[in-house]
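Here the structure is laid out as structure tokens; the discussion comes afterwards.
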Amino acid sequence: MLKTSKITSAEIEKKLEGIEYSGGHKAIDKKVENSNIPYFSIAFFYFVFQNDTIPNEEELLRTYIKINNIEENLDFLIIASKKYSVDGVKNRMLRSYPSLIRDFHFFKLCQESRRFDSVKYSTRKDIFEGIDLLIVYKGLEFCIAIYTQTKRALKFKKKKNEKRHDYVACDMQIALPINLSGTNKKIKKISNFILLSSGYILELEEKMNSYAISNQ
229 MLKTSKITSA EIEKKLEGIE YSGGHKAIDK KVENSNIPYF SIAFFYFVFQ
279 NDTIPNEEEL LRTYIKINNI EENLDFLIIA SKKYSVDGVK NRMLRSYPSL
329 IRDFHFFKLC QESRRFDSVK YSTRKDIFEG IDLLIVYKGL EFCIAIYTQT
379 KRALKFKKKK NEKRHDYVAC DMQIALPINL SGTNKKIKKI SNFILLSSGY
429 ILELEEKMNS YAISNQ
């Protein structure tokens, strides 16, 4: 589970004002995309708890290289004795970067709302069990799966569901699909990042209440 972090959702938003996301429409390197290179989320949270702030794109890449002992060789990275292009790895990282920011910000927002008994996130549970958040509400534990309603995200979620987890540790799994369109009043845009607002917390609480009432 994530240890306590001092950074607040408001501080994350403030930091994002000075970051311009550059990952849109980057080329996909098939060798990198189909590889089992280390997860970027580990580097992201390593940086967060070493520095008590979120990384920008370059800081995330440098942290990823550092903690995985990756060798740099001109325009290539040597990962587990295999050579990958720097641009290919960076572009794959950039496709993950907005969701790492968005999910961590929402995690902090849920904690700060004080509407739940506890809110936890675990990189291990996310990676190996497909659980984005573990929330205890009225004594019941809920596994929360957050995903955007995009073709790529839906394909990835289907792949995750085929490979892992039966959510036996939870009283209920709640799917929280996110609509990133500009007409959605439950999202907020900072710089060119899209974050979730408290409207999604209210949606979660409604679903949890519905389950709690039906299982009294």
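Residue numbers (my numbering): 229 to 444.
Quick reminder that beta carbons are idealized off the backbone N, C-alpha and C, glycines included.
Computed from a prediction, not measured in an experiment: that's the story for all the values here.
Asked, Found
"What is the DSSP secondary structure of residue 417, reduced to helix, strand or coil?", "strand"
"Should residue 255 be labelled buried (16 or more other beta-carbon atoms within 10 Å of its own) or exposed?", "exposed"
"Which residue or residues does DSSP assign as beta-bridge partners of residue 373?", "403"
"Identify, in the order they occur along the chain, each residue of the same chain with its Cβ nearer than 7 Å to the Cβ of residue 392, setting aside the five sequence neighbours on each side.", "With a pLDDT of 47 at residue 392, under the threshold of 50, the modelled position of that residue is not reliable, and the figure given next carries that caveat. Within the same chain, residue 392 has close Cβ partners 356, 357, 358."
"Quick check on this structure: which residue in 260, 340, 327 has the alpha carbon closest to the alpha carbon of residue 239?", "340"
"Can you tell which of 436, 289, 299 has its C-alpha closest to the C-alpha of residue 364?", "436"
"Cβ of residue 314 less than 8 Å from any chain D Cβ?", "Included in the structure is just one protein chain, with no chain D present."
"Run the CB neighbour count on residue 303, radius 10 Å, all protein chains shown included, and call it buried at 16 or more, exposed below.", "exposed"
"Can you name the residues that DSSP bridges to residue 364?", "346, 369"
"Under the three-state reduction of DSSP, which class applies to residue 292: helix, strand or coil?", "helix"
"Quick one, are the C-beta atoms of residue 291 and residue 274 less than 8 Å apart?", "yes"
"Give me the Cα-Cα distance between residue 241 and residue 419, rounded to the nearest whole angstrom.", "9 Å"
"Would you give the residue range spanned by the alpha helix (DSSP H) that residue 249 belongs to?", "Careful: residue 249 lies outside any alpha helix (DSSP H) and carries neither H nor E."
"Does DSSP classify residue 261 as helix, strand or coil?", "helix"
"Looking at the secondary structure, which residues open and close the alpha helix (DSSP H) in which residue 336 lies?", "314-341"
"Using CA atoms only, rank isn't needed, just tell me which of 305, 335, 271 is closest to residue 425.", "335"
"Got a sec? Which residues, its chain only, sit under 8 Å from residue 235 by beta carbon, not counting five neighbours each side?", "276, 280, 281, 282, 336"
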